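So the structure is just underneath, and the comments pick up after that.
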Amino acid sequence: MKRGLFLAAALGLALATPAFGADVEALKAGGKDVMMKFGGALKGELEAAMKAGGPLEAIPVCNEKAPAIAHDISAAEGWNVGRSSHKLRNPHNAPDAFTKAAIEDFLARQEKGESADTMVKAGIVEEDGKKLFRLVKAIPTGEVCLNCHGGAEVKAETAEMLAKYYPEDQARGFTLGQMRGVFTLSREVTD
0 MKRGLFLAAA LGLALATPAF GADVEALKAG GKDVMMKFGG ALKGELEAAM
50 KAGGPLEAIP VCNEKAPAIA HDISAAEGWN VGRSSHKLRN PHNAPDAFTK
100 AAIEDFLARQ EKGESADTMV KAGIVEEDGK KLFRLVKAIP TGEVCLNCHG
150 GAEVKAETAE MLAKYYPEDQ ARGFTLGQMR GVFTLSREVT D
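Note that numbering that gives the first Met the number 0 gives residue 73 to position 74 of the sequence shown, counting from 1, and the numbers run on in steps of one.
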């Protein structure tokens, strides 16, 4: 299934009941669109890099282009867009409290057999005196992801390049379908 269709289906799940009077359905739709733009743009860059030279070409995409894609989409769409994980590759992507709670919930659900494909947490929260719509979506490990995020599948030359770009890398040892991280979005809302 294409990533865009997967994200659309996954984000079609019911969201948490809002604590404030914002139009949650509009925020949900907007968040889904932004997440699909980010995921689609990143996937396109990674696919092109993999075709050009495999994992050794894809690693710089995650290191350099992914943050730029997130920044550009954030600026263009008015959302804060990012990625995080329980096993970080980049320490700058450490989860905030909302995202960490979502990750912990997703891991518990995964332990009980739920597929990472369906895991979404969303709602309106108050942070630092502001009302924010928050959306966190699990990223399942795809087959191509195992080249850099798997266990024994990670070749020595790939591991060496990962160590060069990510000296504190913890984002390995995942299996097919397992949650390896999350997309996270937020946007300030008003009544």
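A virtual CB, placed ideally from N, CA and C, is assigned to each residue, including glycine. All values reported here derive from a predicted model rather than from experimental measurement.
Per the DSSP secondary-structure output, Pro139 pairs in a beta bridge with Met178.
Taking every protein chain shown into account, the CB of His148 has 16 or more other CB atoms within 10 angstroms, so this residue is buried.
In this structure Phe105 touches Ala137 by the C-beta definition: roughly 5 Å separates them, less than 8 Å. When the beta-carbon positions are compared, Ser83 and Arg179 stay at least 8 Å from each other. Note on geometry: alpha-carbon atoms of Glu103 and Gln177 lie some 14 Å from one another.
Membership of Ser73 in any beta strand (DSSP E) is not indicated; the residue belongs instead to the alpha helix (DSSP H) covering 65-76. Measuring C-alpha to C-alpha distances from Gly52 to each of Ala121, Glu156, Ala65 identifies Glu156 as the nearest. Within the DSSP secondary-structure output, Gly81 pairs in a beta bridge with Thr183. Taking C-alpha positions only, Thr98 is separated from Lys154 by approximately 31 Å. The alpha-carbon separation between Lys130 and Thr117 amounts to approximately 26 Å.
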